[in-house]
Each structure stands twice: as structure tokens, then as C-alpha cells.
Amino acid sequence: MKFALIFQNDTVAFLPELFLAIAILVILLHGSFLGVVAASLYTYLTPYMVRLTSASLVLSLLLVINNPVESQTLWNAIFITDYLGTWAKSIIFLGLLFCVSVSEAYMFSARFRSYEFFVFILGIGLSLCLLISSYDLLSIYLSMEFLSLIFYVLATWKKNSYFSAEAGLKYFILGSVASIFYLFGSWLIYFTLGTTNLGSLALLTENLVTPLYLSFLGLIFIVSALLFKLGAAPYHMWIADVYEGAPTQVSLIFAVVPKAALFVVVLRLSYMSFWSFFPSFWESFFCFCGLFSLFIGCLCSLGETKIKRLLAFSSVGHVGFLCLGVVSGSLEGVQATLLYLIIYMLTAAFLWVYVLHLDLSSESSLLSFSDAVGLVRSNPFLGLGVALMIFSLAGIPPFGGFFAKLNIFISLVDSSLYLVSIFAVLTSVISAFYYMRLIKIFYFEKNKKWFFFSPLTKGAAVVLVLSGLPVIFFMLSPNFFYLLSYKVGLSLMF
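See the structure below:
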């Protein structure tokens with residue numbers, strides 16, 4: 025009885041995760057029983073599973089938003105609940121709802137009949153919620169491995185595709201190496217400081233006078249593993265091949281969903297647990313990763329002719345901007361990073377849904393720029409939306425991407441990192457070239473054959489509107505995003 029009373033508050037705070045775990049079991053059992061009947065009657069389970077999964081995600085989102093426990097550690101300080109976690113979980117569930125909304129038409133076209141895909145969707149939500157709430161290096165590792173195992177399976181979902189098998193195998197091998205790096209770094213931290221709890225590490229490193237070089241080395245391994253999952257350079261080797269080889273629906277999940285959760289972990293490590301390492305370690309490390317990611321992103325994208333690979337290398341460059349937002353070590357830098365994260369997630373969701381629309385209409389599994397030539401003439405309104413979102417990615421005013429990059433530059437200048445700011449501006453100008461090349465192909469290339477584009481589904485149309493309007497019309501009402509990112513930054517730092 026006493027034990028139940030001690031952990032009663034922890035159970036209440038963990039209701040979203042418990043509900044997701046129960047929903048996974050229910051959908052798995054329900055699908056397995058229905059699957060036999062569906063196979064015998066040749067019926068199609070996907071619409072039913074889409075509705076069931078969407079309802080589970082919506083209820084999980086409501087549980088997260090209405091969580092009565094605001095800020096405290098849970099389960100012997102292994103997990104934590106705070107405003108930063110609530111914000112990140114809400115972003116995750118919205119991203120998963122976007123992915124589920126557009127999945128039905130793609131699964132029908134690609135002949136994916138298995139209901140397990142939606143079990144994996146809920147598994148991604150559960151693993152990311154656990155990752156966001158983790159307050160210990162070991163719980164971070166276990167949550168990250170839970171997520172990685174699901175991603176390895178999803179990357180190889182096309183059983184008859186050599187590209188999908190190659191993508192999954194490459195992701196599995198490199199992801200296993202990253203996990204080994206993370207465990208080795210955690211061991212070094214434990215060997216040096218005697219604990220893996222993030223709160224205890226913050227207290228132990230608060231007033232350090234002499235630098236702990238083994239701790240620096242351990243942190244390099246840990247954050248390198250996290251940046252590998254994000255696709256930052258020099259850990260980006262897998263990203264283009266996996267994005268291209270995996271099914272487009274899975275690439276959409278890879279590109280949109282996990283970045284918020286992984287960056288929450290990076291921010292907790294750098295701004296909470298090892299804040300005292302900022303001038304001596306974090307600034308140099310994130311400067312190197314950010315600038316190298318910008319360089320790789322703009323250089324590798326210049327010669328690409330495949331849409332998926334272009335978006336993959338583009339994401340490397342945008343993760344570089346996110347790393348530069350962390351460099352400043354100030355509240356303004358955190359705010360700029362969180363704002364950039366929101367704007368990039370919305371933009372990536374829009375463009376990947378558009379790529380999914382192209383994949384439904386194209387006969388080739390490897391989409392090139394020529395597959396999109398007829399879009400503007402067949403659907404001018406969607407073509408205009410894609411062009412405006414590409415302008416936003418390039419950082420052209422007055423769209424949301426411009427203000428997101430501007431805030432990153434302001435945080436760098438406020439921290440007197442002038443050379444870093446100049447390099448970031450130059451790479452942003454270079455990257456604008458391949459974005460403008462896309463616009464030129466859309467509007468000025470001539471059709472040499474007839475194109476047929478399948479009509480947008482209702483789910484895809486809703487996702488395009490909800491992700492496109494905040495970015496395109498960002499200038500009309502930016503205060504909501506600024507205040508939200510500022511409040512989340514305050515909850516992290518104080």
C-alpha cells in the first residue's frame with residue numbers, strides 16, 4: 025500500500041505513455057484477429073486501422089496537454105516531466121498524426137496490406153515520449169534503441185526492393201556503431217563522475233575548476249551518437265541512401281518526427297547536466313558540427329538530381345543551423361533553436377507529403393526532378409505552395425524560414441561569433457542556388473511527355489494546409505511562435 029502511494033503521482037504523470045503501451049497491445053491483438061478474416065475475404069484493413077491509430081494519437085495528445093503533474097522527476101529520477109517535455113511530445117504526436125493521415129493512399133498504391141505498420145507508428149510515439157522524458161543516460165539509451173529497432177524494420181518495409189534492403193542494412197550497421205559509441209561515452213561519464221543521472225551530473229559539474237578530459241571524451245561519444253540519429257555531419261553517411269531506399273511513407277516519418285525528441289535530449293545534456301562545460305567544450309563541438317553540416321549540405325546538394333536525396337542533404341544543412349543555435353549558450357540561442365525546429369518540421373512535412381503525392385503518380389521508385397515537371401500545369405495551386413515552401417527553406421523573406429534563420433544569426437552575433445555567422449550566411453546563399461533550380465525546373469522546363477498526377481486525398485490536403493499556412497503567412501502573426509519558443513526555453517534553463 026505504501027509503495028502504491030509513493031508512486032501514485034508518477035503513474036498519473038506517466039498516463040500518456042501507459043495509454044500508448046495499452047493501445048499498442050490492443051491494436052496488435054485486434055489486427056491479428058481481423059487479419060485472418062481479412063485474408064479470407066480479401067478485404068482491406070488499412071482505412072479501419074488509420075482511424076483507430078489516429079484516435080489513439082489524439083487521445084495521447086490530450087493526455088499530454090492535460091497532464092496534472094507539471095514539473096517533477098519520476099520513478100526514482102529516471103524520468104522527468106516538465107514544460108519542455110510537454111511541448112516536444114505535442115510536436116511528436118502532431119507529426120505522427122500528419123504521417124498517419126497521408127498513409128492510406130500510399131499503402132493502397134504500394135500494396136502494403138499489413139496492419140503492423142500502425143503498431144510501429146504507435147511504437148515510435150511511445151519510444152519518443154520515453155526519450156523526451158528520460159532523465160538518465162541509461163533510460164536515454166534504452167528509449168533510443170527502442171526507436172532504432174522500429175526504424176530498422178520500417179526502412180526495409182519494401183520486401184521486394186534491393187534499395188530498401190540496402191537502406192535498412194546500412195542503417196542497421198551504422199546505427200549499431202552509434203549505439204556502441206553512446207554506451208562507451210556513458211561508461212566514461214560514469215567512470216569519471218560516478219553517476220548517470222542528469223540531475224546529479226548537473227550538481228557534480230556545477231563548480232568544477234579543473235577540466236575533466238575523460239568527461240569531455242565521453243560527451244563527444246554520447247552527443248555524436250545523438251547527432252548520428254539526427255543526420256548531422258560528419259555522421260551523415262547513411263541519410264541519403266536510407267531516405268532514398270526506404271518507402272516514401274517511411275522517409276516522411278524519418279524526416280519529420282524524431283528530430284524534436286533528439287534535440288530535446290541534446291539540450292538537456294548541454295544546458296542542464298553539463299552547463300559548466302559551455303565555454304570550454306560545447307561551443308567548439310557544436311561550432312564544428314554545425315559548420316561542417318552546412319558545408320556538406322550545400323556542397324552535396326548541388327549535383328543531386330533525385331528529389332529524396334536532395335531533401336536528405338538539405339536536412340543535413342538545416343540540422344547544422346540547429347547546432348549553431350545551441351552554440352551561443354544563451355536563452356536567445358535556445359529560443360532560436362526551438363523556433364527553427366518548429367518551422368523546419370512544418371516545412372519538411374509539407375514537402376515530403378508532396379513527394380509522397382509524386383510517388384503515387386510516378387511509375388519509377390527513384391523520383392527525379394523530371395517527375396515533377398508537369399505539376400505546375402496539372403495542379404497550379406499545389407505547385408505554387410511547393411514553390412513558396414522551397415523559398416522558405418532557402419531563407420527568402422517574408423516566409424517562416426527567413427525569420428528562423430534570422431534568429432539563429434542574431435544569437436550568433438550576440439555571442440560575438442562573427443566568423444561563424446559569415447560562414448553560415450555564405451552557405452545559406454550557396455544552398456539557395458539548388459532551391460532556385462527546383463523552381464526553375466517546375467516553371468520553365470518543357471514537358472516532353474504527358475504526366476498524370478493522382479488527386480490529393482483529404483488527409484494529404486489537411487496536412488498541406490496545416491503545415492503550409494503557418495510557414496507561408498508567418499509574418500502576419502509571429503508572436504505565438506516566438507512566445508511559445510521563449511517559454512519552452514525558459515523552462516529548460518530555469
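Per this note's numbering, the sequence shown starts with residue 25, numbered consecutively. Even for Gly, the Cβ is constructed at its ideal location relative to N, Cα and C. Keep in mind it's a predicted model, so treat the numbers as computed, not measured.
Cα-Cα separation, residue i to residue j
i	j	result
tryptophan 99	phenylalanine 38	10 Å
serine 126	isoleucine 446	Inspection of the sequence shows that residue 126 is occupied by valine rather than by serine. Roughly 40 Å separates the two Cα atoms.
phenylalanine 505	phenylalanine 415	20 Å
leucine 212	phenylalanine 245	9 Å
phenylalanine 43	tyrosine 442	48 Å
alanine 191	phenylalanine 252	15 Å
lysine 26	tyrosine 206	Caution applies to lysine 26, whose pLDDT of 49 falls short of 50 and renders its modelled position unreliable; the value that the coordinates give is listed next. C-alpha separation (whole angstroms): 37 Å.
asparagine 33	isoleucine 454	52 Å
serine 95	isoleucine 104	7 Å
tyrosine 267	serine 275	5 Å
serine 263	phenylalanine 298	Contrary to the premise, residue 263 reads as isoleucine rather than serine in this sequence. Each residue's Cα considered, the two are about 29 Å apart.
glutamate 356	valine 177	39 Å
lysine 511	alanine 134	43 Å
glycine 419	proline 494	15 Å
leucine 5	phenylalanine 57	The requested residue 5 does not occur in the structure, where the chain is confined to residues 25 to 518.
Beta-carbon proximity of residue i to residue j, cut-off 9 Å
i	j	result
isoleucine 199	serine 172	Reading the sequence as shown, one finds glycine at residue 199 and not isoleucine. In this structure, serine 172 lies closer than 9 Å to glycine 199 by Cβ.
glycine 353	isoleucine 496	no
isoleucine 551	leucine 508	Absent from the structure is residue 551, since the part of the chain shown begins at 25 and ends at 518.
leucine 81	leucine 121	yes
leucine 150	isoleucine 48	yes
phenylalanine 433	methionine 499	no
leucine 335	tryptophan 376	yes
tyrosine 459	leucine 412	no
tyrosine 364	leucine 406	no
alanine 270	alanine 179	yes
glutamate 328	phenylalanine 337	yes
serine 515	aspartate 106	yes
tryptophan 306	valine 340	no
asparagine 431	glycine 349	yes
methionine 131	threonine 70	yes
valine 449	alanine 373	no
alanine 45	isoleucine 156	no
leucine 380	alanine 484	yes
threonine 371	lysine 332	no
threonine 451	alanine 129	no
tyrosine 369	lysine 283	Looking at the sequence provided, one finds methionine at residue 369 rather than tyrosine. Taking 9 Å as the Cβ cut-off, methionine 369 and lysine 283 qualify as a contacting pair.
leucine 291	threonine 361	yes
leucine 293	valine 358	no
glycine 242	tyrosine 139	no
leucine 166	leucine 154	yes
Residue i, enclosing alpha helix (DSSP H) - first and last residue
i	result
alanine 175	For the record, residue 175 in the displayed sequence is phenylalanine; it is not alanine. Element bounds for phenylalanine 175: 161-179.
threonine 272	272-280
threonine 97	Segment 96-98 is the beta strand (DSSP E) holding threonine 97; no alpha helix (DSSP H) there.
tyrosine 259	No alpha helix (DSSP H) contains tyrosine 259, which DSSP labels as neither H nor E.
proline 235	Where proline 235 is concerned, there is no enclosing alpha helix (DSSP H), given that its DSSP letter is neither H nor E.
lysine 283	283-292
threonine 451	442-468
serine 352	Run containing serine 352: none; DSSP gives neither H nor E here.
methionine 131	127-134
lysine 183	Element bounds for lysine 183: n/a, residue is neither H nor E.
serine 304	First-last for serine 304: undefined, no H or E at that position.
alanine 418	404-418
Residue i - containing beta strand (DSSP E), residue span
i	result
phenylalanine 103	103-105
leucine 69	Unbroken run through leucine 69: none, as it is neither H nor E.
Residue i in three-state terms, based on DSSP
i	result
serine 210	helix
lysine 194	helix
lysine 26	For lysine 26, the predicted model reports a pLDDT of 49, less than 50, meaning its position is unreliable; a value from the coordinates is still stated below. Three-state DSSP puts lysine 26 in a helix.
lysine 330	strand
serine 158	strand
asparagine 431	helix
asparagine 503	helix
asparagine 33	helix
leucine 44	helix
Below-9 Å beta-carbon distance, residue i vs any chain C residue
i	result
leucine 121	Reference to chain C is not applicable here, since this structure consists of a single protein chain.
* Give a yes or no on contact between the region 300-320 and the region 397-413, applying the rule of three or more CB pairs nearer than 8 Å. => Segments in contact, no.
* **the region 110-122 in contact with the region 79-97 per 3-pair CB rule at 8 Å** => At 8 Å Cβ cutoff, the stretches touch.
* Could you say if the region 179-197 and the region 246-257 meet the contact criterion of at least three C-beta pairs nearer than 8 Å? => The region 179-197 is not in contact with the region 246-257.
* Touch test, the region 269-283 against the region 297-311, Cβ-Cβ under 8 Å, three pairs minimum -> Taking 8 Å as the limit for Cβ pairs, the verdict is that the region 297-311 does not touch the region 269-283.
* **Inter-stretch contact at 8 Å, needing at least 3 Cβ pairs: the region 205-220 / the region 162-170** => A contact between stretches requires three or more CB pairs, one per stretch, nearer than 8 Å, and the region 205-220 meets this requirement with the region 162-170.
* Asked: Three or more beta-carbon pairs under 8 Å between the region 285-304 and the region 138-150, yes or no?
  -> Taking 8 Å as the limit for Cβ pairs, the verdict is that the region 138-150 does not touch the region 285-304.
* To do: Count the C-beta pairs between the region 228-241 and the region 342-350 that are closer than 8 Å, then say yes if the count reaches three, no if not.
  => No, the region 228-241 does not touch the region 342-350.
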